[in-house]
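Number of protein chains: 2
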Amino acid sequence: MLSIGQLSKQTGVKVTTIRYYEQQGLIAPPHRSDGNQRRYEPDTLKQLRFIKHARDLGISPDAIAQLIDLSTDTDKPCSAADEIARQHLKTIQDKIACLQRLEKELIRISSKCTGKRVGECYVIQSLSDHGLCFEEH
Amino acid sequence: MLSIGQLSKQTGVKVTTIRYYEQQGLIAPPHRSDGNQRRYEPDTLKQLRFIKHARDLGISPDAIAQLIDLSTDTDKPCSAADEIARQHLKTIQDKIACLQRLEKELIRISSKCTGKRVGECYVIQSLSDHGLCFEEH
DNA sequence: GTAATATCTATAGTCACTAGAGGTTGGGAA
DNA sequence: TTCCCAACCTCTAGTGACTATAGATATTAC
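Protein chains in written order, with our numbering: chain H, 4 to 140; chain Z, 4 to 140.
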């Protein structure tokens, strides 16, 4: 049996966040000690690591709840789980592409700054005038 | 003189967001009509485009406020503005690097899915077991 | 003049947590 | 065994950057 603090240390998920996940239904309410403190089965470690890992990958709590639902019914086809992963992959790739465009523009902007006076500062000028951009965002 | 709706249409910033920016001090409170509706000078178009452009680049409202402060005093050296742009470039580049690692892992995860039963689903397995990862995140 | 649309303020909701107040419990040292 | 303090409890409010709603008033087109 683990206290919430031990669970927190061993998973890297903050105590308050663990309670939040319980409240949101991502993990089941655990047993309590005589003094009403949470006491977790070691299994919860695994569940919480699952959740943390998925969150680190940027998967939304909603999608994680779906995956948990799926994983409790081990006889269902896993194409739905795969679909969630693929969906997320697409989002990630879009994000990367977008950020790379921004990167390009920021490099352009800050490489042209002469560092003299704001009146002639390329950073502020180019942020004021969208037309200076090479591409849309 | 522009109404808030016209300003919104011409900049792509939502009406409610324009009022929010005013409340946050990003744009100055405009004159009002006899009936108390906001009436903007055409100049505000430029300011709001500046803000939108910077927000699209992911620059925080706080940083934008700093840039606006800078740009009102056109005799200051613009190195501070450049610093904000560079700082932001670094954040973007970190984000890109991180997302690319996630991308790699998601590709690995979802390419191994056999599509049979959840019990043997690689997506759920590998999300449960961080040890299957090739790299940390 | 009337009807439709736009605008006003003020308040509450969103997401995914995080922080704090004020009180109780658990476990090791004296 | 008693004490102490860190860890825990619940409940509420705060974060950031908006978004949405309600109910009232203004503007505009016909």
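C-beta atoms are modelled at their ideal positions from N, C-alpha and C, and glycine is treated no differently.
Quick caveat: nothing in here was measured; it's all calculated off a predicted structure.
Query: Extent of the continuous alpha helix (DSSP H) run through L10 (chain H); Result: I7 to T14
Query: Endpoints, alpha helix (DSSP H) assigned at A57 (chain Z); Result: D46 to D59
Query: Cβ-based neighbour list, L3 (chain Z), same chain, cut-off 8 Å, excluding 5 preceding and 5 following; Result: Here chain Z has residues from 4 to 140 only, and residue 3 (chain Z) is not among them.
Query: Exposed unless 16 or more other CB atoms sit within 10 angstroms - verdict on Q9 (chain Z); Result: exposed
Query: is_contact[E139 (chain H), chain Z] using C-beta, thresh 7 Å; Result: Only weak support exists for where E139 (chain H) lies, its pLDDT of 40 falling under 50; the value from the coordinates is given anyway. No - not a single Cβ of chain Z is within 7 Å of the one on E139 (chain H).
Query: Q26 (chain Z), enclosing alpha helix (DSSP H) - first and last residue; Result: V18 to Q26
Query: Exposure of R52 (chain H), with buried meaning 16 or more beta-carbon neighbours within 10 Å; Result: buried
Query: Test item: CB-CB of V99 (chain Z) and L102 (chain H) under 7 Å; Result: The sequence given here has Ile at residue 99 (chain Z), not Val. Yes, the Cβ-Cβ distance between I99 (chain Z) and L102 (chain H) is below 7 Å.
Query: Test: R22 (chain Z) CB closer than 7 Å to a CB of chain H; Result: no
Query: S11 (chain H) at chain Z interface by Cβ criterion, 7 Å; Result: no
Query: Cβ-Cβ separation, L73 (chain H) to A84 (chain H) (assumed contact under 8 Å), whole Å; Result: 5 Å
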